[in-house]
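Step one of this worksheet: look at the structure below.
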Amino acid sequence: MSADAEHLRRLMHYSAWANNVLYAALSGVDESVLARPRPGRPAGAIGVLGHIYVVGMIWKAHLTRQAHGLRTRSLEAPPPLSTLQAWQADLDQWYLQFASNLPADWRSTSIGFHFVDGGTGSMTAEEMLLHVANHGTYHRGYVADMLYEAGLKPPTMDLPVFIREAAPR
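For the numbering used here, add 30 to where a residue sits in the sequence shown, where the first one is 1.
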């Protein structure tokens, strides 16, 4: 599998856009609602958002071949939503720049890494980027479900909406 540079850049742009849409919608929600535990999700929506961020940091470290030093895939104590939003926006910009400047020969180069649980793995840069985007989409879906459970309507964050409203042409 080999994705072209434009495809990877667009994927990271979509991911950043969807994160921004979700955080913008959550900015009006009381943080006690976001922290409310749900079955199987003891840290609530804010914990899920923290997990998305931490996993993004882990894969950034893998992509840059640096040790991340993390022992868990979640934040011990999630910060206020506005802080987490700023962290995520910075990370999203890093991924967009990384994908935009990734040399063709490096996209399919295998990179070895260590999982947080101690196992080892190897993926290409494009596989890692695909994972980061899919992981975020998956967990934004968790947060959307939590909003429904709280009687709130989550924003629409689907790829076709991004293409219609925000994708550069």
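Virtual Cβ for every residue (Gly too), placed ideally from N, Cα, C. Keep in mind that this is a model prediction, so the values were computed, not measured.
Should residue i be labelled buried (16 or more other beta-carbon atoms within 10 Å of its own) or exposed?
i, result
"Q96", "exposed"
"Y178", "exposed"
"R39", "buried"
"Y168", "exposed"
"A134", "exposed"
"E138", "One point to set straight first is that residue 138 is Ser, not Glu, in the sequence displayed. So S138 counts as exposed."
"G20", "The chain is shown only over 31 to 199; residue 20 falls outside these bounds and no answer can be derived."
"A54", "exposed"
"P190", "exposed"
"E156", "buried"
"S140", "exposed"
Suppose the cutoff is 8 Å on Cβ atoms and the five residues either side in sequence are ignored; what does the same chain contact list for residue i look like?
i, result
"T150", "G142, F143, H144"
"E61", "I76, P110, L111"
What residues in its chain sit with their C-beta under 7 Å from that of residue i, if we drop five residues either side in the sequence?
i, result
"F128", "L93"
"L64", "L56, G74, A75, I76, L111"
Could you check the C-alpha separation between residue i and residue j for me, to the nearest Å?
i, j, result
"I193", "M158", "22 Å"
"Q123", "G181", "32 Å"
"M187", "W136", "30 Å"
"S152", "W89", "12 Å"
"W47", "R103", "23 Å"
"V51", "V78", "16 Å"
"A196", "L41", "12 Å"
"G58", "Q115", "13 Å"
"G99", "E106", "14 Å"
"E36", "Q118", "22 Å"
Below 6 Å CB to CB, which residues in the same chain sit around residue i once its five sequence neighbours on both sides are set aside?
i, result
"P67", "G74"
"I82", "G166, H169"
"M176", "R68, A75"
Could you spell out the range, first to last residue, of the alpha helix (DSSP H) harbouring residue i?
i, result
"H37", "35–56"
"G166", "155–179"
"P190", "189–195"
"L64", "61–65"
Minimum length 4: unbroken alpha helix (DSSP H) runs contained in the segment 91–140: Counting only runs of 4 or more, we get 111–130, 134–137.
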